[in-house]
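Undergrad: If you read the protein sequences in the order shown, they are chains R and D. Residue numbering for the first sequence follows the numbering used here, starting at 1 and increasing by one per position. Residue numbering for the second sequence follows the numbering used here, starting at 1001 and increasing by one per position. Here a beta-carbon is modelled for each residue, glycine too, at the ideal position from N, C-alpha and C. Keep in mind that this is a model prediction, so the values were computed, not measured. I have a structure I would like to understand better, so I am pasting it below and will then ask my questions one at a time.
Number of protein chains: 2
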Amino acid sequence: MHSRTVFFVSDGTGITAETFGNAILAQFEMKPRHVRLPFVDTVDKAHQAVRQINHCGEVEGKKPIVFTTLVNMEVLKTLQDGCQGMLLDMFGTFVHPLEQELGIKSHHRVGRFSDASHSKEYSDRIAAINFSLAHDDGQSHHDLAGADVILVGVSRSGKTPTSLYLAMQCGLKTANYPLIPEDFERRQLPPALEPHRKKIFGLTIQAERLAEIRNERRPNSRYASLDNCRAEIAGAEAMMRRSSIRWLSTTTKSIEEIATTILQELRPERLVY
Amino acid sequence: MHSRTVFFVSDGTGITAETFGNAILAQFEMKPRHVRLPFVDTVDKAHQAVRQINHCGEVEGKKPIVFTTLVNMEVLKTLQDGCQGMLLDMFGTFVHPLEQELGIKSHHRVGRFSDASHSKEYSDRIAAINFSLAHDDGQSHHDLAGADVILVGVSRSGKTPTSLYLAMQCGLKTANYPLIPEDFERRQLPPALEPHRKKIFGLTIQAERLAEIRNERRPNSRYASLDNCRAEIAGAEAMMRRSSIRWLSTTTKSIEEIATTILQELRPERLVY
Chain R
1 MHSRTVFFVS DGTGITAETF GNAILAQFEM KPRHVRLPFV DTVDKAHQAV
51 RQINHCGEVE GKKPIVFTTL VNMEVLKTLQ DGCQGMLLDM FGTFVHPLEQ
101 ELGIKSHHRV GRFSDASHSK EYSDRIAAIN FSLAHDDGQS HHDLAGADVI
151 LVGVSRSGKT PTSLYLAMQC GLKTANYPLI PEDFERRQLP PALEPHRKKI
201 FGLTIQAERL AEIRNERRPN SRYASLDNCR AEIAGAEAMM RRSSIRWLST
251 TTKSIEEIAT TILQELRPER LVY
Chain D
1001 MHSRTVFFVS DGTGITAETF GNAILAQFEM KPRHVRLPFV DTVDKAHQAV
1051 RQINHCGEVE GKKPIVFTTL VNMEVLKTLQ DGCQGMLLDM FGTFVHPLEQ
1101 ELGIKSHHRV GRFSDASHSK EYSDRIAAIN FSLAHDDGQS HHDLAGADVI
1151 LVGVSRSGKT PTSLYLAMQC GLKTANYPLI PEDFERRQLP PALEPHRKKI
1201 FGLTIQAERL AEIRNERRPN SRYASLDNCR AEIAGAEAMM RRSSIRWLST
1251 TTKSIEEIAT TILQELRPER LVY
């Protein structure tokens, strides 16, 4: 049962408000209902939001928590004047002291993504997604020289989601390449990868967890058996050690944590720009 | 030339700190240098961060701006005591008033993603990514009933990046299906899609922009010609109108804006949970 509602009100997508608000709320033992109100970019829509928030507060008998990232001052004022919730103005709180420190005024322009089609950063992201799809699971050796990162690891160690995350959120062209028993027998990196050693990063995983994941896909197969998982992982880790490839275990890590660690190791300049 | 540096210091990945900090900084006409310092989860690492920040301030002769989402109080205190930058404590600022309003204490636990492998939400995200990859570009009709969303549109209208975003960030199983000239001649939705009309969402795009995108892929082809793009788009839009499918134009929109609009239209419960 939800006993309280949290609103995320934004003149844009509300993704920033929700990401940040969720991180704050994760500090509390409670499961509030979440309501994201995106594209609240006119005074009219702000009045609608106020009505919805106040109605909710009356029904629940508790002040709704309202995270806002509103940039338009008129829209924000409509909320401040009418809303009976607890208003947490994430922008105003930090923008004003920053104006002091920087000695410049903020311009109150809406949206991180305005007219995406004209931004180089945005078209790089789309190009990275297309590259990563074309180079998923060792599908193509073509233009590995153009890759920013090449992930290696046994099947189902987390390469594909990590590749797509690095492409979509960091704009990095990420190929991924499965390590298979033939590679372990040869005791060497797949020949196509040799010239690109510097941008290779390995993913490994605990055998028990891998067997679990593979069993969902092909129940009771040799592929999914714990013995086979153990052998493949041992082979892959030995090879990565021999080839001096950096690697990490994905067993208890999220895509975000894996991606951040890879950036630290391979592309530290992507954390400093 | 950068004249000032902004640090994002976190005990986790720093993604929340950076997302939010960037949204704030986008309000100012300035191009500071960005430095993300992730995984600052011990007092030792905090001292290192302090040294790096203070050194940077001395070199630049300007106070660095320091956004933190530190949860560990000892680590935070090390920064507060030693750091000569302008510290913007994003957590403390909102957590304390929330403790008052909610009447409960925050637990100061680190990380949104702790032990991802045990969370149902996380495994749903991974399943959604796998589903969306298997159902990219009409590759498979299998289990369309299992899809949460089915995107349709002409080739290069933005279906693939949007599908992957909905899967990765919202955990929605998203199929995408190209509309091709044969469909326009038949004047009907592809038969495989008919039973799933309620979860179909269309993407369209301006002909000039589509021709630009297609020309990068296949220069001077009939596929990329403005005439052909115009005809395909007219055919697709007429069909979507006839089939009462909701759609939007992706021409100037980011993946995030497209995804948020689709959620509002098709899965409003994903904005309220």
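Can you have a look at V181/R and say buried or exposed, based on whether 16 or more other CB atoms are within 10 angstroms of its CB?
TA: Correcting the residue identity first, residue 181/R is Pro in this sequence and not Val. It counts as exposed.
Undergrad: Where do the N-terminal and C-terminal ends of the beta strand (DSSP E) with I1200/D fall, by residue?
TA: Segment 1200-1204, the beta strand (DSSP E) holding I1200/D.
Undergrad: How would you label M1030/D, buried or exposed, when you count the other beta carbons within 10 angstroms and need 16 or more for buried?
TA: Its Cβ having fewer than 16 others within 10 Å, M1030/D is exposed.
Undergrad: Is the beta carbon of L151/R closer than 8 Å to that of F201/R?
TA: For F201/R and L151/R, yes; Cβs fall inside 8 Å.
Undergrad: Note down, in chain order, all residues in the region 38-52 of chain R with a beta-carbon under 7 Å from any beta-carbon belonging to chain D.
TA: Residues P38.
Undergrad: Assign P268/R to buried or exposed, taking buried as 16 or more other Cβ atoms, counted over all protein chains shown, within 10 Å of its Cβ.
TA: Exposed is the call here.
Undergrad: Candidates D1011/D, R1186/D, T1250/D, T1261/D: which alpha carbon is nearest D1041/D's?
TA: The residue with the shortest Cα to Cα distance from D1041/D is D1011/D.
Undergrad: How do the region 40-60 of chain R and the region 91-99 of chain R stand: do at least 3 beta-carbon pairs fall below 8 Å, yes or no?
TA: The region 40-60 of chain R, when compared against the region 91-99 of chain R, does not touch it at the 8 Å Cβ threshold.
Undergrad: Between A236/R and V154/R, which are expected to be in contact by the criterion C-beta below 8 Å, what is the C-beta distance as a whole number of angstroms?
TA: That pair is a contact at about 5 Å.
Undergrad: I think L1088/D touches Q1080/D, with their Cβ atoms under 8 Å apart; what is that distance to the nearest whole Å?
TA: With 8 Å as the limit, L1088/D and Q1080/D do not qualify as a contact, their Cβ atoms being about 12 Å apart.
Undergrad: Taking T1174/D and A1192/D to be in contact with their CB atoms under 8 Å, please state how far apart those CB atoms are, rounded to whole angstroms.
TA: Actually they do not touch by this definition, with Cβ atoms about 16 Å apart.
Undergrad: Distance check for K159/R and Y177/R, CA to CA, integer angstroms please.
TA: Rounded to whole angstroms, Y177/R to K159/R spans 8 Å at the Cα level.
Undergrad: Going by DSSP, name the residue or residues bridged to Y177/R.
TA: Y177/R pairs with V152/R.
Undergrad: With distances taken Cα to Cα, identify the nearest neighbour of V1071/D among M1090/D, K1063/D, V1149/D.
TA: It is M1090/D whose Cα lies nearest to the Cα of V1071/D.
Undergrad: Please go through the same chain and pick out, in chain order, the residues whose beta-carbon is closer than 8 Å to the beta-carbon of A259/R, but skip the five residues on each side of it.
TA: Excluding residues within five positions, the ones whose Cβ falls inside 8 Å are T162, Y165, L166, Q169, C170.
Undergrad: What are the boundary residues of the beta strand (DSSP E) that I65/R is part of?
TA: Here the beta strand (DSSP E) through I65/R covers 65-68.
Undergrad: Just grab the DSSP bridge partners of M1073/D for me.
TA: Note: M1073/D sits in no beta bridge, so no partner.
Undergrad: Going by the CB atoms, is the gap between T5/R and R36/R shorter than 8 Å?
TA: It is not a contact, given that the beta carbons lie outside the stated cut-off.
Undergrad: Strictly below 7 Å CB to CB, what residues from chain R border T1069/D?
TA: By Cβ distance, chain R contributes A23.
Undergrad: Looking at the unbroken alpha helix (DSSP H) that takes in M1086/D, where does it start and where does it end?
TA: Where M1086/D is concerned, there is no enclosing alpha helix (DSSP H), although the beta strand (DSSP E) it sits in stretches over 1086-1089.
Undergrad: Applying the 10 Å Cβ sphere with the 16-neighbour rule, what's the burial state of I104/R?
TA: Classification of I104/R: exposed, given that the 10 Å Cβ count is below 16.
Undergrad: Restricting to Cα atoms, I'd like to know which of E256/R, H47/R, Y122/R is closest to K1253/D.
TA: Residue Y122/R is the option with its Cα nearest to K1253/D.
Undergrad: Since S106/R meets chain D, which of its residues come closer than 8 Å, beta carbon to beta carbon?
TA: Under the 8 Å cutoff, chain D gives Q1027, F1028.
Undergrad: Between which two residues does the alpha helix (DSSP H) holding S132/R run?
TA: Counting along the chain, the alpha helix (DSSP H) containing S132/R begins and ends at 120-134.
Undergrad: Which chain R residues sit within Cβ distance under 9 Å of G1014/D?
TA: Under the 9 Å cutoff, chain R gives T260, L271.
Undergrad: Quick one: what's V1272/D bridged to in DSSP?
TA: Answer is V35/R, bridged to V1272/D.
Undergrad: What does L248/R pair with, by DSSP beta-bridge criteria?
TA: According to DSSP, which records beta bridges pairwise, L248/R is partnered with L203/R.
Undergrad: Can you give the Cα-Cα distance for V1059/D and K1120/D, rounded to whole angstroms?
TA: Rounded to whole angstroms, V1059/D to K1120/D spans 47 Å at the Cα level.
Undergrad: Could you name the residues that DSSP lists as bridge partners for V9/R?
TA: Looking at the DSSP assignment, V9/R forms a beta bridge with L37/R, T68/R.
Undergrad: Is L1266/D helix, strand or coil when you go by DSSP?
TA: Three-state result, L1266/D: helix.
Undergrad: With distances taken between CB atoms, is the gap from H47/R to T78/R smaller than 8 Å?
TA: The answer is yes: Cβ separation under 8 Å.
Undergrad: Using three-state DSSP, classify D1227/D as helix, strand or coil.
TA: Looking at D1227/D - three-state DSSP - the assignment turns out to be helix.
Undergrad: Check the Cβ of T1093/D against every Cβ in chain R and list those closer than 7 Å, keeping chain order.
TA: Within 7 Å Cβ-Cβ: T93.
Undergrad: With distance defined between alpha-carbon atoms, name the residue in T261/R, N130/R, G82/R, M73/R nearest to G92/R.
TA: Measuring from the Cα of G92/R, the nearest candidate turns out to be M73/R.
Undergrad: Check the Cβ-Cβ distances between V1075/D and every residue of chain R, and say whether any is below 8 Å.
TA: With 8 Å as the cut-off, V1075/D does not count as an interface residue toward chain R.
Undergrad: What's the gap between the Cα of S243/R and the Cα of F1131/D?
TA: Using only the alpha carbons, I get a separation of about 34 Å.
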